[in-house]
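> So that we are looking at the same thing, I have put the structure below in structure tokens.
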Amino acid sequence: MDVDPSRVNPVSDDMVGRSSVEAKITEIARIGIIGLFAYWSLTLIAPFAVILVWAAILCVALYPAYSAISAMLGDWPRLAAGLITMVCLVIIVGPLAAIALSFAEGVQALLARLDDGALQLPVPPESVRNWPLVGERIHAAWSMTAGNLETVLRQFEPSLLHAGSKVLGKIASLGVDLLGFVISVLVAGLLFRSGERLAEMAEGFASRMGGDRGIGFVRLAAATIRNVARGVIGVALLQAFLCALVLSLFDVPAPGAIAFVVLILCIVQIGPALVLLPVMTWAWLEMDFGRAILLTLLLMPLLIIDNVMKPILVARGLSTPTLVILLGVLGGTLSYGLIGLFLGPIILSVFYDLVMMWMHPDSAAGKPLPESSRLSSVTRN
Numbered sequence: 069m070d071v072d073p074s075r076v077n078p079v080s081d082d083m084v085g086r087s088s089v090e091a092k093i094t095e096i097a098r099i100g101i102i103g104l105f106a107y108w109s110l111t112l113i114a115p116f117a118v119i120l121v122w123a124a125i126l127c128v129a130l131y132p133a134y135s136a137i138s139a140m141l142g143d144w145p146r147l148a149a150g151l152i153t154m155v156c157l158v159i160i161v162g163p164l165a166a167i168a169l170s171f172a173e174g175v176q177a178l179l180a181r182l183d184d185g186a187l188q189l190p191v192p193p194e195s196v197r198n199w200p201l202v203g204e205r206i207h208a209a210w211s212m213t214a215g216n217l218e219t220v221l222r223q224f225e226p227s228l229l230h231a232g233s234k235v236l237g238k239i240a241s242l243g244v245d246l247l248g249f250v251i252s253v254l255v256a257g258l259l260f261r262s263g264e265r266l267a268e269m270a271e272g273f274a275s276r277m278g279g280d281r282g283i284g285f286v287r288l289a290a291a292t293i294r295n296v297a298r299g300v301i302g303v304a305l306l307q308a309f310l311c312a313l314v315l316s317l318f319d320v321p322a323p324g325a326i327a328f329v330v331l332i333l334c335i336v337q338i339g340p341a342l343v344l345l346p347v348m349t350w351a352w353l354e355m356d357f358g359r360a361i362l363l364t365l366l367l368m369p370l371l372i373i374d375n376v377m378k379p380i381l382v383a384r385g386l387s388t389p390t391l392v393i394l395l396g397v398l399g400g401t402l403s404y405g406l407i408g409l410f411l412g413p414i415i416l417s418v419f420y421d422l423v424m425m426w427m428h429p430d431s432a433a434g435k436p437l438p439e440s441s442r443l444s445s446v447t448r449n
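Taking the working numbering as reference, the numbering of the sequence shown is continuous, increasing by one, and the terminal residue is 449.
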């Protein structure tokens with residue numbers, strides 16, 4: 069006798085469908101709760117996001133040095149972390165404190181001369197009149213200002229006060245950023261001792277998300293951070309140190325301040341030429357021929373050393389092309405400031421490997437890098 073299949077166990081089919089719907093609702097509720105807690109967590113750490121990102125970058129970049137120093141000291145991790153933290157603080161705070169003190173002294177001296185009426189503007193030379201188009205106007209304005217500087221300052225007092233308030237606001241903003249970076253250095257010093265465990269956590273999370281390729285991307289990010297630290301920050305420090313040494317040997321005024329400006333220009337990818345070319349020009353105007361040509365010959369290599377060393381160090385041990393990393397460095401710096409110096413090449417490197425993995429699924433792109441590229445590795449690539 070034939071049985072209608074539609075009439076077999078209708079209650080059982082209804083229960084299966086109902087349980088399936090309940091399971092989906094439960095899964096959606098779980099995802100919603102997890103998403104809610106993730107949103108709350110991100111909201112709570114958002115004020116400290118920049119500090120934590122900087123701390124992570126510093127920890128990854130300096131971990132090989134921390135491990136080497138700790139081994140040299142006989143496995144004293146606390147002392148090694150303290151030494152690296154102190155050195156970083158001295159490198160960061162020392163030059164900035166010297167510049168701030170010099171700036172404050174200069175402002176005090178300027179205000180004192182203004183109060184005493186001793187601030188005078190020299191009379192313009194007659195050669196200014198011969199400048200094309202604007203010579204007569206510049207000479208007349210200069211002469212009027214030189215003869216009655218106090219009246220001119222009072223006339224432009226509102227504009228000067230407005231500009232001064234903006235400058236003070238920028239200085240205050242830089243001070244807040246500097247304080248945040250100092251806190252990042254201190255946090256990085258605390259993270260050194262947990263480096264191995266944090267590296268395992270990061271690679272474990274990446275493995276859950278993307279398997280071996282996820283681990284590969286984490287190691288690629290760590291290797292990129294270290295290469296950028298060596299190729300950009302390291303070369304910039306070398307250029308600034310050599311610049312200060314050469315300028316000190318030739319008695320150039322303010323060698324420390326010039327070297328600090330060179331350091332900043334090299335880090336933001338502008339280059340030292342903006343400062344060193346005027347220094348060379350000044351040398352040819354003020355020094356004798358022998359000293360001027362010797363100073364020029366010593367400063368010329370500093371103009372091009374980063375063009376040679378940076379591509380080699382930045383791409384060392386990575387499959388990502390040098391051009392991609394350098395574009396990430398430049399674009400990240402322009403888009404996000406100093407922190408983009410590291411975020412830019414990481415994002416472009418990972419995206420490049422993702423594209424290569426999509427185009428060539430059997431290629432090595434995205435696969436784990438060697439153990440020397442781990443976040444907590446002490447071996448240089």
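C-beta atoms are modelled at their ideal positions from N, C-alpha and C, and glycine is treated no differently.
May I ask you to report which of helix, strand or coil DSSP gives R298?
For the purposes of this step, residue 298 is taken as residue 230 along the sequence shown, with counting starting at 1. If DSSP states are grouped into helix, strand and coil, R298 belongs with the helices.
> Around the Cβ of S417, are there at least 16 other Cβ atoms within 10 angstroms (buried) or fewer (exposed)?
If you number the sequence shown from 1, residue 417 lands on position 349. Label assigned to S417: buried.
> Give me the Cβ distance between Q337 and L398, rounded to the nearest whole Å; I'm assuming they're in contact under 8 Å.
Numbered from 1 along the sequence shown, position 269 holds the residue referred to as residue 337. Numbered from 1 along the sequence shown, position 330 holds the residue referred to as residue 398. Q337 to L398, Cβ: 5 Å. Contact.
> Under the criterion of a Cβ to heavy atom distance below 8 Å, does S227 qualify as lining the ligand NAP?
With respect to small molecules bound, the structure shown includes none, and the ligand NAP cannot be examined in it.
> If you reduce the DSSP assignment to three classes, tell me which class R265 lands in.
Position 197 of the sequence shown, counted from the first residue, corresponds to residue 265. Helix at R265.
> Tell me the rounded alpha-carbon separation between G103 and A97.
Here residue 103 refers to the residue found at position 35 when the sequence shown is read from its first residue. Here residue 97 refers to the residue found at position 29 when the sequence shown is read from its first residue. Cα to Cα, G103 sits roughly 10 Å from A97.
> Which of the three DSSP states is assigned to P163 in this structure?
As a working mapping, residue 163 is identified with position 95 in the sequence shown. Looking at P163 - three-state DSSP - the assignment turns out to be helix.
> Straight-line CA distance for G272 to G339?
By one-based count along the sequence shown, residue 272 stands at place 204. By one-based count along the sequence shown, residue 339 stands at place 271. Taking the straight line joining both Cα atoms gives about 40 Å.
> Answer yes or no: do V300 and I326 have a C-beta to C-beta separation smaller than 9 Å?
In the sequence shown, counting from the first residue as 1, residue 300 sits at position 232. In the sequence shown, counting from the first residue as 1, residue 326 sits at position 258. For V300 and I326, no; Cβs fall outside 9 Å.
> By alpha-carbon positions, which one of W144, C156, A106 and F116 ends up nearest to A129?
Start at 1 with the first residue of the sequence shown, and residue 129 comes out as number 61. Comparing Cα positions, the closest option is C156.
> Quick one: complete alpha helix (DSSP H) runs, 4+ long, within the segment 299–356?
Whole alpha helix (DSSP H) segments, 4+ residues: 303–317, 323–335 and 341–354.
> In angstroms, rounded to a whole number, what distance separates the CA positions of F285 and Y420?
Here the question's residue 285 lines up with position 217 in the sequence shown. Here the question's residue 420 lines up with position 352 in the sequence shown. Distance between the alpha carbons of F285 and Y420: 11 Å.
> Compare the C-alpha of I458 against each of M377, C334 and A291 and name the closest.
Lying outside 69 to 449, the shown extent of the chain, residue 458 is not represented and no answer is given.
> Per DSSP, what kind of secondary structure is V382 in: helix, strand or coil?
On the sequence shown, position 314 is the one that residue 382 refers to. In the structure shown, V382 sits in a helix (DSSP, three-state: H, G or I).
> A117: buried (16+ other C-beta within 10 angstroms of its C-beta) or exposed?
To locate residue 117, count along the sequence shown from 1; it is residue 49. Under this definition A117 is an exposed residue.
> Would the segment 107–123 count as touching the segment 233–253 if we require 3 or more Cβ pairs under 8 Å?
With the cut-off at 8 Å, the segment 107–123 and the segment 233–253 touch.
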